[in-house]
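Enquirer:
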Amino acid sequence: MQASARLGGLDLFRGLTVAFMIIVNTPGSWAHVWWPLDHAEWHGFTPTDLVFPAFLCAMGVALGLSFPRRVDARLWGRVVRRALLLILIGWAWQMLARPGLADFRVFGVLPRLGLCYGLAAALAILTARRDADGRAHLSAPALGIASAALLLGYWALLAFVPVPGHGAGDLSPAGNLAGYVDRIVVSTHHMYRLGTDAAGNIVYDPEGLLSTLPALVNVLLGALAALLWKAAPERATMRILLAGIALAALGLLLAPWLPLNKKLWTSSFALLTSGLSAILFVGCILAARSEAVRKALWPLDVLGMNAILGYLLSLLLSLAAMRTGFQAWAWHALAALLPGNLLLASFLFALAALLLVLALLIPLHRRGIHLRL
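Here it is, written out as structure tokens:
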């Protein structure tokens with residue numbers, strides 16, 4: 005497999021995940037959203053539930069491809085810097101969206117990205133093997149064992165550690181161990197305000213502390229996919245595809261006993277999403293091999309090369325639209341044009357938001373300006 009196809013496939017994959025992320029985060033009205041563009045309410049799975057795990061897998065692939073030959077203090081410095089920047093940018097966004105510390109949310113998408121990247125990179129560095137020349141290489145056995153240990157350990161914690169008032173093995177919004185840990189560590193004042201039970205009490209955070217452990221597996225398995233690339237480029241596509249099918253099948257087989265749940269990031273969910281991500285990734289690699297297809301999907305390339313900036317722009321534009329009243333005005337205008345199909349109107353609003361982000365990114369891309377953390 006040529007390096008250009010590999011890297012192009014990664015950019016397309018990242019771009020696809022961010023494009024989907026923007027669309028699902030910016031509907032015209034949350035009351036009118038097609039079910040594939042919304043998360044499962046609790047147990048279950050929708051296409052939208054794949055978006056964040058897929059981005060974590062892409063992060064893992066990038067980590068595996070860029071892993072340096074030399075491990076030194078400068079490498080550790082870059083890892084810490086990048087992880088902290090992601091967390092701090094996430095916190096800055098929280099302060100901008102909801103000023104004040106009284107209900108400041110500690111966790112979130114960007115803090116989870118930072119934690120997962122930092123932990124995955126640290127694990128990769130600490131377990132890397134050295135050859136006779138002292139060059140470092142990612143250790144596939146170590147990453148595989150770590151992934152299995154994290155998934156089994158997280159399952160055991162949810163299944164066997166009792167939560168006061170609920171006992172062990174309760175996977176309800178109020179009774180699960182992950183939510184209980186978050187309530188103890190940061191309190192409900194600093195958790196996701198929509199993470200409520202039937203009574204409206206804040207009881208869980210979908211990007212909380214304990215559920216970061218299985219989310220880390222998505223990054224590690226992405227790094228393993230990168231190792232498959234490096235080890236056997238000519239057979240990598242088929243191997244990644246078969247591995248993806250196996251992981252997805254395992255996740256589905258476990259689902260009757262360990263429900264698929266994005267908000268808890270159950271081990272079955274981590275396996276299914278890692279497998280589906282691998283399958284989609286292979287599709288992006290194949291697309292990148294065709295010059296015609298690559299040109300047609302060029303906007304996704306642009307988004308993939310500036311993924312974090314694209315995501316941040318979508319958040320800032322959405323916040324500005326709400327605070328200026330443009331969101332309400334534009335939604336009512338679209339709804340008036342399509343009174344018989346408010347679901348379509350809501351989707352078109354989200355699509356317009358994606359196009360606006362692309363319109364801002366394309367001039368930057370042409371000037372070679374990309375946000376590098």
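For the sequence shown, our numbering assigns the number 5 to the initial residue and increments by one for each residue that follows.
Backbone N, C-alpha and C fix where the C-beta goes; we use that ideal spot for every residue, glycine too.
1. Would you mind stating whether Val-84 and Gly-112 have Cβ atoms separated by less than 8 Å?
2. Return the CA-CA distance between Val-22 and Ile-149, expressed in angstroms with no decimal places.
3. Using beta-carbon positions only, say whether Leu-463 and Ala-153 come within less than 8 Å of one another.
4. Can you have a look at Arg-187 and say buried or exposed, based on whether 16 or more other CB atoms are within 10 angstroms of its CB?
5. Per DSSP, what kind of secondary structure is Gly-157 in: helix, strand or coil?
6. Please state the DSSP three-state secondary structure of Met-5.
7. Check whether the Cβ atoms of Cys-408 and Val-223 sit closer than 8 Å, and answer yes or no.
8. With three or more C-beta pairs closer than 8 Å as the rule, is the stretch 99 to 115 touching the stretch 159 to 176?
9. Check this for me: beta carbons of Phe-56 and Leu-142, under 8 Å apart or not?
10. What residue range is occupied by the uninterrupted alpha helix (DSSP H) comprising Asp-305?
11. For His-43, which three-state DSSP category applies?
12. Taking a contact to mean a Cβ-Cβ separation below 8 Å, would you say Ile-206 touches Gly-199 in this structure?
13. My output table needs one value for Gly-48: the three-state DSSP class, helix, strand or coil.
14. Pick from Arg-116, Pro-115, Trp-95, Gly-118: whose alpha carbon is nearest that of Phe-108?
15. Quick one: Cα of Ala-339 to Cα of Leu-347, how far?
16. Check whether the stretch 243 to 253 and the stretch 277 to 293 are in contact - that is, three or more C-beta pairs closer than 8 Å.
17. Give me the Cβ distance between Leu-60 and Ala-252, rounded to the nearest whole Å; I'm assuming they're in contact under 8 Å.
18. With respect to the alpha helix (DSSP H) encompassing Pro-115, which residues constitute its N-terminal and C-terminal limits?
19. Do Leu-304 and Leu-20 have their CB atoms nearer than 8 Å?
20. Quick check: the Cα distance between Ala-332 and Val-28, rounded to an integer number of angstroms?
21. Would you kindly work out how many angstroms separate the C-alpha atoms of Gly-32 and Val-286, rounded to a whole number?
22. Starting from the C-beta of Gly-226, find all residues in its chain whose C-beta is less than 6 Å away, skip the five residues before and the five after it, and write them out in chain order.
23. Please name the residue in Val-37, Leu-276, Gly-104 whose C-alpha comes closest to that of His-193.
24. Can you tell me the Cα-Cα spacing of Gly-300 and Ala-292, whole angstroms?
25. Examine the ligand MG and report whether any of its heavy atoms sits within less than 7 Å of the Cβ of Leu-232.
26. Could you check how far apart the C-beta atoms of Leu-377 and Leu-89 are, in whole angstroms? I think they sit under 8 Å.
27. Between the C-alpha atoms of Phe-164 and Gly-173, what's the straight-line distance to the nearest angstrom?
28. Could you have a look at Gly-13 and say whether DSSP puts it in helix, strand or coil?
29. Taking the beta carbon of Thr-328 as the centre, do at least 16 other beta carbons fall within 10 Å, making it buried, or is it exposed?
30. State the beta-bridge partners of Arg-134 as determined by DSSP.
Expert: Put simply:
1. Contact flag unset, no.
2. 30 Å
3. Absent from the model: residue 463. The displayed extent of the chain is 5 to 377, so no value can be given.
4. Under this definition Arg-187 is a buried residue.
5. helix
6. A caution first: Met-5 carries a pLDDT of 41, below 50, which makes its placement in the model unreliable, though a value can still be read off. In the structure shown, Met-5 adopts coil according to DSSP, grouped into three states.
7. Nothing about residue 408 can be reported from this structure: the residues present for the chain run from 5 to 377 only.
8. no
9. Phe-56 is not a Cβ neighbour of Leu-142, given a cutoff of 8 Å.
10. For Asp-305, the enclosing alpha helix (DSSP H) covers residues 302 to 309.
11. coil
12. yes
13. coil
14. Trp-95
15. In a straight line, the C-alpha of Ala-339 is about 9 Å away from that of Leu-347.
16. yes
17. Contact doesn't hold; Cβ gap of about 16 Å is too wide.
18. Its alpha helix (DSSP H) spans residues 113 to 131.
19. yes
20. 17 Å
21. 32 Å
22. In the same chain as Gly-226, and ignoring 5 residues on each side of it, the C-beta atoms closer than 6 Å to its own belong to Cys-61, Gly-64, Val-65, in chain order.
23. Gly-104
24. For the sequence presented, residue 300 should be read as Ala rather than Gly. Each residue's alpha carbon lies about 10 Å from the other.
25. With respect to small molecules bound, the structure shown includes none, and the ligand MG cannot be examined in it.
26. Contact flag correct, Cβ pair sits at about 5 Å.
27. 6 Å
28. helix
29. exposed
30. Answer is Ala-140, bridged to Arg-134.
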